[in-house]
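The structure appears right after this line, and notes come after that.
Written as structure tokens, this is what we have:
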């Protein structure tokens, strides 16, 4: 019994010391992404609903899944670059991959603009 508890404690300590606390890292990523503004609408990408998901593995590899309003968004490359840079600065992040997973106007954005 003591051995099992000690093993759990060791795994917990190693996980947290090595940046393995993925939920805390996700929270810091979402906080950092709130500083990335959509230049056309003046809202950050989180509150506008453009960030669909943030995936973090135990090694600190991050995938940010986001949507754009249209496949022809003239500022897409700027927003993707800003998202990548914001996440790369966070301690514990090893790599960043930004994936466009769809197109459309997020429900959050419609509500914030008063259309819903």
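Numbering (the numbering used here), first residue to last: 6 to 121.
Glycine included, every Cβ here is placed at the ideal spot set by N, Cα and C.
This one's a predicted model, so the numbers in the text were calculated from it and none came from an experiment.
Query: Span of the beta strand (DSSP E), counted from its first residue to its last, around residue 71; Result: 66 to 73
Query: Residue 46, enclosing alpha helix (DSSP H) - first and last residue; Result: Careful: residue 46 lies outside any alpha helix (DSSP H) and carries neither H nor E.
Query: Residue 105, enclosing beta strand (DSSP E) - first and last residue; Result: 100 to 108
Query: Coarse secondary structure for residue 61, derived from DSSP in three states; Result: strand
Query: Residues of its chain near residue 42, where Cβ-Cβ distance is below 6 Å and the 5 sequence neighbours each way are ignored; Result: 49
Query: Beta carbon of residue 65 nearer than 7 Å to that of residue 97; Result: yes
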